[in-house]
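FYI, in the numbering used here the residues of the sequence shown are 6 to 83.
Note that CB positions come from ideal geometry on N, CA and C, so glycine has one too.
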Amino acid sequence: MAVFRCDCGKGLSNSRCPNDIELILFTDYEWDSIQEKVHEGADIYDFEPKYDVWRCPECARIYVFKGVSLLYQYKLEK
Ligand SMILES: [Zn+2]
Numbered sequence: 006m007a008v009f010r011c012d013c014g015k016g017l018s019n020s021r022c023p024n025d026i027e028l029i030l031f032t033d034y035e036w037d038s039i040q041e042k043v044h045e046g047a048d049i050y051d052f053e054p055k056y057d058v059w060r061c062p063e064c065a066r067i068y069v070f071k072g073v074s075l076l077y078q079y080k081l082e083k
């Protein structure tokens, strides 16, 4: 569980599960590999994305974290 303050001022938290803040993001290659492994019997919940991706519901900014470090931040242009 974590909290983060968006640049717009909105407080973001992933303390509730499920929530509308976290995005589960895989590349198409990763998703293809996961689907194959799940088809072979693996549990889908054993796979975690490489990055934690959060989206602010107020301004739609996207934050990409690796562990506790913020790697990228995107602001909506249109
Ligand atoms: Zn925001």
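Thinking just about the alpha-carbon of each residue, which of the options is nearest to the one in residue i?
i	options	result
Q78	M6, D12, G16	D12
G72	D25, G16, L81, P54	P54
N24	H44, E35, M6	M6
Should residue i be counted as a contact of ligand 1 given a C-beta to heavy atom distance under 6 Å?
i	result
R66	yes
E82	no
E35	no
E27	no
C11	yes
E63	yes
Hey, residue i and residue j: beta-carbon distance below 7 Å or not?
i	j	result
Y50	V69	no
L28	R66	no
L30	V58	yes
K15	E45	no
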